[in-house]
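Novice: Below are the structure tokens for one structure; questions will follow.
Protein chains: 2
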Amino acid sequence: MSDSGPPSLGILAGGGNLPGRVAAAAQAAGRRVFLVGLEGFAEATVLAPFPHATARIGAAGRILSLLRDNACHDLVLVGPVRRPSLLDLRPDAEGARLLARVGRAAFAGDDGLLAAVVRVLGDEGFSVIGAHEVLTEAVGPKGLLTRTGPDAAALADIARGMAVARALGSVDVGQCCVVQQGIVLAVEAIEGTDAMLTRAATLRRPGPGGVLVKLVKPGQERRADLPTIGIGTVRAAAEAGLRGVAFEAGGTLLAERAAMVATADSAGLFLLGVDPYEGEV
Amino acid sequence: MSDSGPPSLGILAGGGNLPGRVAAAAQAAGRRVFLVGLEGFAEATVLAPFPHATARIGAAGRILSLLRDNACHDLVLVGPVRRPSLLDLRPDAEGARLLARVGRAAFAGDDGLLAAVVRVLGDEGFSVIGAHEVLTEAVGPKGLLTRTGPDAAALADIARGMAVARALGSVDVGQCCVVQQGIVLAVEAIEGTDAMLTRAATLRRPGPGGVLVKLVKPGQERRADLPTIGIGTVRAAAEAGLRGVAFEAGGTLLAERAAMVATADSAGLFLLGVDPYEGEV
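Those protein sequences? They're chains A and B, same order as listed. For what it's worth, our numbering labels the leading residue of the first sequence as 1256, then goes sequentially. For what it's worth, our numbering labels the leading residue of the second sequence as 1256, then goes sequentially.
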């Protein structure tokens, strides 16, 4: 142990600014933090203000040592990470041992992998908590955040998009899709939301614009990979000619909420928190 | 009636060469044919060898008149057609009447639309038969068509792809997906198979290549929109670094089978007819 204070919060940091926001929120609550930035994903400017180190995603031995040396017991996994191929992974000795325990789950969908990683970290004595448990104010609420709301056609598109996103999530593929006039323009797999929105822009039809629907996968390990929406998402949605974004209330992180709502308002888009299971028997 | 002979086979022709192949097969069986090429989709060189006319997809009145004037009772709908937006449709008077009867089905997924079109054509006194009933030799059989076959990793990717394609089909979205090393690289929505393969090429990971899996949607109206695979599909799959294509046996049209198998063999790809419901309770 490098210090005799209370246990720190360990943050395994992927891309974007959410790792920094989790760190800042924990510090504001009087907690010390230590970030391990995953190389190729974590941004140096996000890590810089906090005690941190970096590691390859395959270097599990180094990652666990860093966390233990810095007295981290609770861990948050936050920020997008693209799953490496087996060839890119190059596990260290500890990584190979843990990978064997993750086993086939690593190749059975993203969510299977993350759930297995959370389980293995638990076996190693860490307690994985969700980013949304630290960043409570960043969790998207139910209802409308913007001045503009969806009309009847947009609501119908949202309903169809929720059915599609749930079917997709049930086989652990993507979290989102774009629907316009009842037609599913694009469905997310590994390319990510922004690339899917760029594609949807090229598939857009004349007439009223479509909607982006982004849900938590059914059974998703919420401690590892909550859907996230940020300013970039709103901008890409506007450029794709969409009329709004529907996200799962209570299950989506809004990366920079005030700025995001302002961006949506100035573009005339709606942001709506929905409950995809409402009304189900 | 322009003629007093036996009823002709009417062919509502979308894109590609399959409409011509259906026409040629019917003629070879001693039947007269009349093609209505859908403008923007049907290719002039495919229509040219046969008695034909062209019509906008929204001009239902003209289409039905053409078919009746040419003594067509049985109809085949064949060749890809991209569903028009409401604004592009510009229905004629008869089209508006029929559209009202198709009703909400037109906005509830591609298959809902096609099933409704088949039903309305039946109400109008036509009998819609499947292209595969005329082109029996073009229906893909179960088993391996190529010299190369899938290894264990490719078989695992095929199994995952079938689960994903079925989930997708259950909400009437796409028919196919690309899986590599257990990871779903791309899922088809309205962009079509070729565009999805182009995308999958950019998302490819190091190591063994993936597979394309293409299935009939559960509950799909097989008389209107059977999945089709052709030389272009095989070339695009090879360019995307895939190792093979799995298609639903008994439910997929192989557009130019001999040339397609030769293309696959020279590229080292497998073509495998699968039964996605085999082994189910």
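Cβ coordinates follow ideal geometry from the N, Cα and C atoms, glycine included. Keep in mind that this is a model prediction, so the values were computed, not measured.
Between B:ALA1479 and chain A, is there a C-beta pair that is closer than 8 angstroms?
Specialist: Looking up residue 1479 of chain B in the second sequence gives position 224. No, B:ALA1479 lies away from the interface with chain A (no Cβ there is under 8 angstroms from its Cβ).
Novice: Could you spell out where the beta strand (DSSP E) holding A:THR1309 opens and where it closes?
Specialist: On the first sequence, position 54 is the one that residue 1309 of chain A refers to. Note, A:THR1309: beta strand (DSSP E), 1307 to 1310.
Novice: For the region 1441 to 1454 of chain B, list every residue whose C-beta sits within 7 angstroms of some C-beta in chain A, in sequence order.
Specialist: Residues ALA1441, VAL1442, ALA1444, ILE1445, GLU1446 and ARG1454.
Novice: For A:GLU1494, count the other beta carbons within 10 Å of its own beta carbon; 16 or more makes it buried, fewer makes it exposed. Which is it?
Specialist: To locate residue 1494 of chain A, count along the first sequence from 1; it is residue 239. A:GLU1494 should be labelled exposed.
Novice: Which residues of the region 1395 to 1421 of chain B have a Cβ closer than 7 angstroms to any Cβ of chain A? Give them in chain order.
Specialist: Against chain A - using a Cβ distance shorter than 7 angstroms - the residues of the region 1395 to 1421 of chain B are ALA1418 and VAL1419.
Novice: Counting only Cβ pairs nearer than 9 angstroms, list the residues of chain B close to A:LEU1458.
Specialist: The count along the first sequence starts at 1 and reaches residue 1458 of chain A at position 203. The answer, in chain order, is ALA1444, ILE1445, GLU1446 and ALA1450.
Novice: Enumerated in chain order, which unbroken segments of the alpha helix (DSSP H) with a length of 4 residues or greater are wholly contained in the region 1268 to 1299 of chain B?
Specialist: Runs found: 1273 to 1283.
Novice: Output, in chain order, the set of chain B residues within a Cβ distance shorter than 9 angstroms of A:SER1521.
Specialist: As a working mapping, residue 1521 of chain A is identified with position 266 in the first sequence. Within 9 angstroms Cβ-Cβ: nothing; A:SER1521 doesn't reach chain B, min ~27 angstroms.
Novice: Pull up the DSSP beta-bridge partners for A:GLU1503, would you.
Specialist: One-based indexing of the first sequence puts residue 1503 of chain A at position 248. A:GLU1503 pairs with A:VAL1529.
Novice: Going along chain B in order, which residues have a C-beta closer than 9 angstroms to the C-beta of A:GLY1429?
Specialist: Taking the first residue of the first sequence as 1, we reach residue 1429 of chain A at position 174. Chain B residues near A:GLY1429: VAL1439 and VAL1442.
Novice: Between the region 1373 to 1381 of chain A and the region 1396 to 1408 of chain A, can you find at least three pairs of beta-carbon atoms closer than 8 angstroms?
Specialist: The region 1396 to 1408 of chain A vs the region 1373 to 1381 of chain A: no contact.
Novice: Between B:VAL1471 and B:GLY1528, is the Cβ-Cβ spacing less than 8 angstroms?
Specialist: Translated into the one-based positions of the second sequence, residue 1471 of chain B becomes position 216. Translated into the one-based positions of the second sequence, residue 1528 of chain B becomes position 273. No, the Cβ-Cβ distance between B:VAL1471 and B:GLY1528 is not below 8 angstroms.
Novice: With a 10 Å radius around its C-beta and 16 neighbouring C-beta atoms as the bar for buried, classify B:GLU1392 as buried or exposed.
Specialist: For this step, residue 1392 of chain B is matched to residue 137 along the second sequence. With fewer than 16 other Cβ atoms within 10 Å, it is exposed.
Novice: Could you compute how far the alpha carbon of B:GLY1429 sits from the alpha carbon of B:ALA1420?
Specialist: By one-based count along the second sequence, residue 1429 of chain B stands at place 174. By one-based count along the second sequence, residue 1420 of chain B stands at place 165. Those two C-alpha atoms are separated by around 7 angstroms.
Novice: Got a sec? Which residues, its chain only, sit under 6 angstroms from A:ILE1537 by beta carbon, not counting five neighbours each side?
Specialist: Outside the shown range of chain A, which is 1256 to 1536, sits residue 1537 of chain A, and nothing can be said about it.
Novice: DSSP three-state label for A:VAL1333, please.
Specialist: On the first sequence, residue 1333 of chain A is found 78 positions in, with the first residue counted as 1. Strand, per DSSP.
Novice: Determine the DSSP secondary structure at B:ALA1326, reduced to helix, strand or coil.
Specialist: Mapped onto the second sequence, residue 1326 of chain B falls at position 71. Three-state DSSP puts B:ALA1326 in coil, outside helix and strand.
Novice: How would you call A:ASP1378, buried or exposed, if buried means at least 16 neighbouring beta carbons within 10 angstroms?
Specialist: Taking the first sequence and counting its residues from 1, the one referred to as residue 1378 of chain A is at position 123. Result: exposed.
Novice: Check the DSSP bridge columns for B:ILE1484 and list the partner residues they point to.
Specialist: The sequence position of residue 1484 of chain B within the second sequence is 229, counting from 1. B:ILE1484 is bridged to B:LEU1509.
Novice: Could you please give the first and the last residue of the uninterrupted alpha helix (DSSP H) stretch that includes B:ALA1414?
Specialist: Walking along the second sequence from the start, residue 1414 of chain B turns up at place 159. Element bounds for B:ALA1414: 1407 to 1425.
Novice: Which partner residues does A:ALA1441 have in the DSSP bridge list?
Specialist: Position 186 of the first sequence, counted from the first residue, corresponds to residue 1441 of chain A. Paired residue(s): A:VAL1433.
Novice: Can you find a C-beta in chain A that's less than 8 angstroms from the C-beta of B:VAL1426?
Specialist: The residue given as residue 1426 of chain B occupies position 171 in the second sequence. For B:VAL1426, the answer is yes, since a Cβ of chain A falls inside 8 angstroms of its Cβ.
Novice: Using a C-beta cutoff of 8 angstroms, does B:LEU1423 count as contacting chain A?
Specialist: For the purposes of this step, residue 1423 of chain B is identified with residue 168 of the second sequence, where counting begins at 1. Yes, B:LEU1423 counts as interfacial toward chain A.
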